[in-house]
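Top line first, the protein sequences correspond to chains P and E.
Heads up: the first sequence is residues 1 to 114, going by my numbering.
Heads up: the second sequence is residues 1001 to 1113, going by my numbering.
Everything on this sheet refers to the single structure shown next.
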Amino acid sequence: NAGVTQTPKFQVLKTGQSMTLQCAQDMNHNSMYWYRQDPGMGLRLIYYSASEGTTDKGEVPNGYNVSRLNKREFSLRLESAAPSQTSVYFCASSEPGVLWYGYTFGSGTRLTVV
Amino acid sequence: AQSVTQPDIHITVSEGASLELRCNYSYGATPYLFWYVQSPGQGLQLLLKYFSGDTLVQGIKGFEAEFKRSQSSFNLRKPSVHWSDAAEYFCAVQETSGSRLTFGEGTQLTVNP
């Protein structure tokens, strides 16, 4: 089925470790996004990529880096994980235009930093 | 900057009862408005959206929402709730189709048998 695929689904890290969250979409969307979800705070935008080759900071970018590898893939990297980065991470994609259907979300990565 | 407020953190209703989830937004012009639902352990699924035109919009799963410009609101409603509607609901706002989506804090819905 077409959609957004995130890997891994679950991850436990020790403080200071690094990891990369992977995201791929097969809908030929130009825009991709990384959000984090924390209880009572909704979803907050970490980084986004309006199109291949561009990335921009969102609301909470500190401690993260991103790479738009190609049109399909948008990865999120934690260089030195901290307990405050314990969260559920969602990737999304969209294609702005006349036929606008909002964002399509992946199923999330649940990250725990101990 | 645009913002979204969902005043109710948690709502409990009985199965078969009607439901209204509140959403207020802050933005100078008419934004694009969305409601998403998130079942436990799942991603977000689009319920409905409003761009322009008829202020009452119909969505999936029997949900509807009404845009009220005078109140800066976009409340979600369902006439008769089913147990499977228990989930978290997010209202979201967007300035234009190419801009970023801003989410409210979410409302957790519990459905009692």
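From the three backbone atoms N, C-alpha and C, an ideal C-beta is built for every residue, glycine too.
Cutoff 8 Å: residue i Cβ touching any chain E Cβ
{"i": "P/Gly16", "result": "no"}
{"i": "P/Ser107", "result": "yes"}
{"i": "P/Tyr89", "result": "no"}
{"i": "P/Tyr48", "result": "yes"}
{"i": "P/Leu76", "result": "no"}
8 Å Cβ cutoff, residue i in contact with chain P
{"i": "E/Leu1033", "result": "no"}
{"i": "E/Gly1104", "result": "yes"}
{"i": "E/Arg1100", "result": "yes"}
{"i": "E/Gln1058", "result": "no"}
{"i": "E/Leu1044", "result": "yes"}
{"i": "E/Phe1063", "result": "no"}
Residue i classed as buried or exposed, judged by whether at least 16 other C-beta atoms fall within 10 angstroms
{"i": "E/Gly1043", "result": "buried"}
{"i": "P/Gly42", "result": "buried"}
{"i": "P/Lys14", "result": "exposed"}
{"i": "E/Gln1058", "result": "exposed"}
{"i": "P/Ile46", "result": "buried"}
Nearest-angstrom Cα separation, counted from residue j out to residue i
{"i": "P/Phe10", "j": "P/Thr109", "result": "6 Å"}
{"i": "P/Ser49", "j": "E/Ala1017", "result": "42 Å"}
{"i": "P/Gly40", "j": "P/Gln25", "result": "28 Å"}
{"i": "E/Leu1101", "j": "E/Val1004", "result": "10 Å"}
{"i": "E/Gln1071", "j": "P/Met19", "result": "45 Å"}
{"i": "E/Glu1095", "j": "E/Gln1002", "result": "7 Å"}
{"i": "E/Pro1007", "j": "E/Arg1022", "result": "7 Å"}
{"i": "P/Gln6", "j": "P/Gly63", "result": "20 Å"}
{"i": "P/Lys71", "j": "P/Ser51", "result": "7 Å"}
{"i": "E/Leu1126", "j": "E/Gln1045", "result": "An answer regarding residue 1126 of chain E cannot be provided, because it is not within the stretch 1001 to 1113 covered by chain E."}
{"i": "E/Asn1112", "j": "E/Val1081", "result": "10 Å"}
Bridge partners - residue i, DSSP secondary structure assignment
{"i": "P/Arg44", "result": "P/Arg36"}
{"i": "E/Leu1033", "result": "E/Tyr1050, E/Val1093"}
Using 8 Å as the Cβ pair cut-off and three pairs as the minimum, do the stretch 1028 to 1041 of chain E and the stretch 1084 to 1099 of chain E touch? In this structure the stretch 1028 to 1041 of chain E touches the stretch 1084 to 1099 of chain E; the number of beta carbon pairs closer than 8 Å is three or more.
Kindly confirm or deny that the stretch 86 to 97 of chain P and the stretch 23 to 37 of chain P touch, where touching means at least three C-beta pairs closer than 8 Å. With the cut-off at 8 Å, the stretch 86 to 97 of chain P and the stretch 23 to 37 of chain P touch.
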